[in-house]
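Everything on this sheet refers to the single structure shown next.
Number of protein chains: 2
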Amino acid sequence: MDKLLVAKIGGSIIDEERALKEVLETFAAIPQRKALVHGGGRRADHVLERMGIEPRMVGGRRITDAPTMDVVQMVYAGLVNKNIVALLQSMDCPALGLSGADLDCLRAVKRPKGEVDFGFVGDIRLVNARVLKQVLDAGWTPVFCPLTHDGRGQMLNTNADTIAAEIAIALGRFFSVELVYCSGNMGVLADPADEQSVLPTIGIEEYHSLKERGIISAGMIPKLDTAFRALRNGVQEVRIGGSVALHADNKATRIRLSNTEEKK
Amino acid sequence: MDKLLVAKIGGSIIDEERALKEVLETFAAIPQRKALVHGGGRRADHVLERMGIEPRMVGGRRITDAPTMDVVQMVYAGLVNKNIVALLQSMDCPALGLSGADLDCLRAVKRPKGEVDFGFVGDIRLVNARVLKQVLDAGWTPVFCPLTHDGRGQMLNTNADTIAAEIAIALGRFFSVELVYCSGNMGVLADPADEQSVLPTIGIEEYHSLKERGIISAGMIPKLDTAFRALRNGVQEVRIGGSVALHADNKATRIRLSNTEEKK
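The listed protein sequences derive, respectively, from chains A and B. Quick note: to get the numbering used here, add 77 to the position in the first sequence (first position is 1). Quick note: to get the numbering used here, add 77 to the position in the second sequence (first position is 1).
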């Protein structure tokens, strides 16, 4: 099976022009088939503020009402996605920017109102793996912004970590997939106060123990849950780290299922 | 040679949700190979205003300084393009939104400062006809927003009428191309005060005469110049009209070269 790298970049990498350029240069130079998924960094908040719209978050997730949806659509698919695609092209990487609506590649349903009404937030129901394979086989590098659509004409806001995992899982039918999460953090830390304490690997039992002790918290929890889900569903390797994590031999945290689960 | 329809939609069609849906329904139902190019309507001005940036125009063309470039990139590639792509998908049209940076399909140079510094405005130098043919041959419908890139990482703002004509010309190598400009106007008018006075056809001599008499003016002049340029460069047919112009047998203005030129 051919290898495929699915890299997700987010956080401060998106906001800092130099950091972004550096990670894109590393990404562009990787010879194997690859796909990129990006978050929106703080850009959406800046535009919301500038337009006089109050950003609202619950549990680290954005409440996406109609005016906020317009803004995230503008920032993610317009500003950030096209900047990345243009930079990759300048590095001779044949990038193709995609939202979930393009080629109907990521279809979602609007999250039902529960205790919280998240608004125009989409939970992925269908990854069009066949069409994405066509794109990859043409030699193109898809660059996904964190947007999906509902198949009825409505765009939806979807978490970029989740998109990366769902794409990695769906393409596992065709490729041996490596999923890498890159952000400003250098990996999963054994001591949140010490940036040098990056764990080289983390298994499911260690994760539960660190989570119970409050060492792993906030945004790292859904990211790790997503990582374990990917491994359980055919993704070959998952790493979490800074931009250096793009290379397997570099410092980053490799996520692994526990020995018992690996033997299944 | 297979037929290809290149349709450009702009003006009030973009701004009015119902008008947009109607024209997209007509477009989606056309069975032949097709590509869509859209303008930005007044949406960019609304966002500029909301963000406290003064829109500046010279001779009907936008001065695109850096903050304005960010906004047009957001509005054209994010808001308008993805809304159109999502609507087309809901109509079973396999749409793929593209800026000029995507697949390096439209490369431009930043317009040199002349009497006016237009800022981040791009004049097209290269249409990647081979890659666009690949997209069309895959059965996909490209949807272009009016943005190009310079190949060095910078997005540029480019007139949508020009993009439509350049794509039509470049794809003339592979297809028998029909280029249709659809906007709120029903066609080229013999009497600017009478919307019913749509000319069924207009030749180059008639155009010059109407232009001299001030009957054809403003935005219609570059549009017609572009139309004649397309015809001189291998495009089979050009029509200007409302959304009904998408169908050859409907009321609209067919542009034709003069008899002498047609015989060349």
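Just so you know, even glycine gets a beta-carbon here, dropped at the ideal spot from N, CA and C.
Using a Cβ-Cβ cut-off of 8 Å, state whether residue i counts as contacting chain A.
i, result
"Val343 (chain B)", "The question about residue 343 (chain B) has no answer here: the residues shown for chain B are numbered 78 through 341."
"Gln211 (chain B)", "yes"
"Glu338 (chain B)", "Below a pLDDT of 50, predicted positions are generally treated as unreliable, and Glu338 (chain B), at 48, falls in that range; no measurement from the model is reported."
By the criterion of Cβ-Cβ separation under 7 Å, what are the contact partners of residue i in chain B?
i, result
"Leu26 (chain A)", "The question about residue 26 (chain A) has no answer here: the residues shown for chain A are numbered 78 through 341."
Strictly under 8 Å for the Cβ-Cβ distance: is residue i near chain B by that measure?
i, result
"His324 (chain A)", "no"
"Lys159 (chain A)", "yes"
"Ser167 (chain A)", "yes"
"Val152 (chain A)", "yes"
Any idea what DSSP makes of residue i, helix, strand or coil?
i, result
"Arg306 (chain B)", "helix"
"Leu276 (chain B)", "coil"
"Leu334 (chain A)", "coil"
"Lys341 (chain A)", "The predicted position of Lys341 (chain A) is uncertain, since its pLDDT is 39 and thus under 50; no value can be drawn from it."
"Val254 (chain A)", "strand"
"Asp238 (chain B)", "helix"
"Asp155 (chain A)", "The sequence as given places Gly at residue 155 (chain A); Asp does not occur at that position. The answer is helix: DSSP assigns Gly155 (chain A) an H, G or I state."
"Arg207 (chain A)", "helix"
"Ala178 (chain A)", "coil"
"His226 (chain A)", "strand"
"Pro219 (chain A)", "strand"
So, is residue i buried or exposed, given that buried needs 16 or more other C-beta atoms within 10 angstroms?
i, result
"Lys190 (chain B)", "exposed"
"Ile298 (chain A)", "exposed"
"Thr337 (chain B)", "Its pLDDT being 48, under 50, Thr337 (chain B) is placed unreliably in this model, and the value from its coordinates should be taken loosely. With fewer than 16 other Cβ atoms within 10 Å, it is exposed."
"Lys340 (chain A)", "Bear in mind that the predicted position of Lys340 (chain A) carries a pLDDT of just 40, short of 50, making it too unreliable to give a figure here."
"Gln273 (chain A)", "exposed"
"Thr278 (chain B)", "exposed"
"Val135 (chain A)", "exposed"
"Ser294 (chain A)", "exposed"
Using 8 Å as the threshold, is the C-beta distance between residue i and residue j below it?
i, j, result
"Val152 (chain A)", "Ala121 (chain A)", "yes"
"Gly117 (chain A)", "Val149 (chain A)", "yes"
"Lys80 (chain A)", "Arg110 (chain A)", "yes"
"Glu255 (chain A)", "Leu82 (chain A)", "yes"
"Gly177 (chain B)", "His115 (chain B)", "no"
"Gly311 (chain B)", "Ala329 (chain B)", "no"
"Gly280 (chain A)", "Ile90 (chain A)", "no"
"Leu323 (chain B)", "Cys259 (chain B)", "yes"
"Thr218 (chain A)", "Cys170 (chain A)", "yes"
"Arg202 (chain A)", "Ala185 (chain A)", "yes"
"Leu209 (chain A)", "Leu165 (chain A)", "no"
"Glu99 (chain A)", "Met168 (chain A)", "no"
"Thr141 (chain A)", "Gly196 (chain A)", "yes"
"Leu224 (chain A)", "Ala172 (chain A)", "no"
Can you list the residues of chain B that residue i reaches, using a CB-CB cut of under 8 Å?
i, result
"Asp147 (chain A)", "Leu156"
Taking Cβ-Cβ distances shorter than 7 Å, what residues in chain A pair up with residue i?
i, result
"Ala163 (chain B)", "Ala178, His226, Gly230, Gln231 and Met232"
Using a C-beta cutoff of 8 Å, does residue i count as contacting chain D?
i, result
"Arg127 (chain B)", "Of the protein chains in this structure, namely A and B, none is chain D."
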